[in-house]
Amino acid sequence: MGTKHQYLPTTLVQIPSKGNKWFVVATKPLELQTGKNIQRRVSTKTTDRREAGRRWHEIEAEIWANFDKQIAGLSDSQGKIWAEEFAAVMGYESAGPQDQYAWRKLQNAAQFILDNPSIHTEAHYYAALNFVTFEVEDYARRAQGQPIDSNHLPDPSSEPDATPVDIKNRTSCPSILEWLPVYMADKKWSGVREKTKKSAENRIRACAKIIGNLPLDQIMLTHGHQIAEKLDEQGKANRTIHTYTNNLSLLLDHAVAKAINTTVTPNQHFLSVNPIKGLSLRGYGSEKRSWEALEEDQLYALFAQDMPDTDRLLLSILLTTGMREDEAALLKWEQLKTDRNGIRYFDLSIGAVVKNDKFSARTVALPDCLKLPEKGTGRIFPQWQTDLDGKASNKVSKHLNVNYFHPVRYGPDDDRKVVHSLRHNLTGLMLNLTDPAPSSEHMDWITGHGMEGSKSESERQRTYRKDPDVLVKYNIVNRIKHPWLK
């Protein structure tokens, strides 16, 4: 089941009833929660806030290690219990959109059902598939805080184009779901993150739910449009619709090459072409929502808030360099270097992020206004443990958004101000520089966007060592004033 290494950040709380001592408070992972017992508190054994802060992350690491140990002793019996609870609340009506722990519990339960279809009913299986595939959490957020009723969920099984199809398989060609495990076992998936693989598999299952579990040789272009129409009805963005249809199209590409009819002599391919390859999705999907840069007064308010030094440092790095959350949160002190001109920079050609995104490899010049603590060893932010995919951005974003960005928003409608907005802020600040104005290519190299003039990403990667000199980047970012950091 695992939410191992996906724990919520801890908090430091002073408890008067405990002699005003400071405690590290951790939310238990769902696997370890029982009734109202959802937290663990460990005393720092001091009433001094500064000393408690020094002990905080060591205690946090001990708590998480204990969670790891307890979870390792759990069996799939817990997953079965969750699955039973999921079946009991098929409409999810007991989980309000603000109850993040209930949502996570249902998500884990749904995934357990999908991973073990043979021990669950078809109704439970499709309820779980619907939950995982159609991003109910996103739907809940759009509900503006109102409880979600099962009748209002986007359920493809209730629509005419998702009703069971009477399929006659005259050629013994494998169906979508029969070929799916063959496709997922292909060597193309080796080295691909588990989360990426699972998402692709679930999207293909969702496509099969919409058009029916058709034999591969009965899929036509019109079925691609049926999928697009269904997802469009659910308010999906054009890019999201493309992701779903592309996942199915890639499975069909695989089948064109490897699905062989051995019942005839000589053997023949079941498919000669991919019927939905190149499917036009123009006109489908809702408009994409973009994040917005913070206003100047919001930047002042952001950094005026009381926060741990590590959070302030992380936010300062994000704003002054334009780095992504994962790039910054996974930094190691060994990546902090000084060039021949004495300019400090982070070397992103090494480190954890490059393993997941080779195109982010670059040097990141640091402006003089960015104050760093004394250089150490290992992770700069060790409190951010990685998930099974080696990433930390999901936890980092949630923590920073809830604690620091939500409070500086102007109101409920100002919901496009998030931690990622800081990259937009830096871009805007660079655009305002004059004498000389930085080129778009230099700005893209600073923030790590996937272009370099007319070069493709693959060309850019091959010419990495022709990355603009650190001095060139420094002369741009160091001209930007950041009075909010003071």
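Heads up: the sequence shown is residues 439 to 924, going by the working numbering. The beta-carbon is built from N, C-alpha and C at its ideal position, and this holds for glycine as well. None of the values given here were measured: they were computed from a predicted structure.
Residue i and residue j closer than 7 Å at C-beta
i	j	result
residue 770	residue 800	no
residue 731	residue 863	yes
residue 662	residue 683	yes
residue 861	residue 885	yes
residue 757	residue 782	no
residue 679	residue 723	yes
residue 450	residue 494	yes
residue 693	residue 654	yes
residue 908	residue 806	no
residue 840	residue 739	no
residue 687	residue 651	no
residue 701	residue 610	yes
residue 784	residue 802	yes
residue 618	residue 648	no
residue 917	residue 869	no
residue 406	residue 844	Nothing can be reported for residue 406, as the shown portion of the chain is limited to 439 through 924.
residue 719	residue 676	yes
residue 754	residue 615	no
Strand pairing of residue i, partner residues [DSSP]
i	result
residue 803	783
residue 731	Paired residues: none, contrary to the question.
residue 775	783
residue 754	Per DSSP, none; premise fails for residue 754.
residue 770	817
residue 707	698
Cβ-based burial, residue i [other Cβ within 10 Å; buried from 16]
i	result
residue 697	buried
residue 695	exposed
residue 749	buried
residue 706	exposed
residue 736	buried
residue 912	buried
residue 458	exposed
residue 587	For residue 587, the predicted structure reports a pLDDT of 40, less than 50, and the residue's modelled location is therefore unreliable. A value from the coordinates is still provided. Exposed: under 16 other Cβ atoms inside 10 Å.
residue 628	exposed
residue 658	exposed
residue 685	buried
residue 581	Its pLDDT being 37, under 50, residue 581 is placed unreliably in this model, and the coordinates cannot settle the point.
residue 744	exposed
residue 919	exposed
residue 490	buried
residue 712	buried
residue 455	exposed
residue 849	exposed
residue 866	exposed
residue 766	buried
residue 488	exposed
residue 646	buried
residue 486	exposed
residue 851	exposed
residue 877	exposed
residue 630	exposed
residue 762	buried
residue 624	exposed
Anticipated Cβ contact below 8 Å, residue i with residue j, distance rounded
i	j	result
residue 452	residue 465	Incorrect: roughly 18 Å between the Cβ atoms, too far for contact.
residue 759	residue 915	7 Å
residue 508	residue 552	The Cβ separation is near 25 Å, so there is no contact.
residue 829	residue 764	6 Å
residue 447	residue 505	Not really, about 13 Å apart at Cβ, beyond 8 Å.
residue 714	residue 690	7 Å
residue 445	residue 823	7 Å
residue 887	residue 906	Actually they are not in contact, since the Cβ atoms of residue 887 and residue 906 sit about 13 Å apart, beyond 8 Å.
residue 497	residue 462	5 Å
residue 436	residue 633	This structure does not reach residue 436, given that the chain is present from 439 up to 924, and the question cannot be answered.
Segment limits, alpha helix (DSSP H) that includes residue i
i	result
residue 741	734–742
residue 477	Careful: residue 477 lies outside any alpha helix (DSSP H), inside the beta strand (DSSP E) at 477–481.
residue 914	908–915
residue 859	859–869
residue 656	No alpha helix (DSSP H) contains residue 656, which DSSP labels as neither H nor E.
residue 643	632–649
residue 613	Note, residue 613: premise wrong, no alpha helix (DSSP H); not H, not E.
residue 830	Here residue 830 belongs to no alpha helix (DSSP H), and DSSP marks it neither H nor E.
residue 693	676–696
residue 918	Per DSSP, residue 918 belongs to no alpha helix (DSSP H) and is neither H nor E.
residue 885	878–885
The ligand MN heavy atom lying under 6 Å from the CB of residue i
i	result
residue 718	Ligands displayed in this structure: none; no statement on the ligand MN is therefore possible.
Residue range of the unbroken beta strand (DSSP E) whose run includes residue i
i	result
residue 449	449–453
residue 462	459–465
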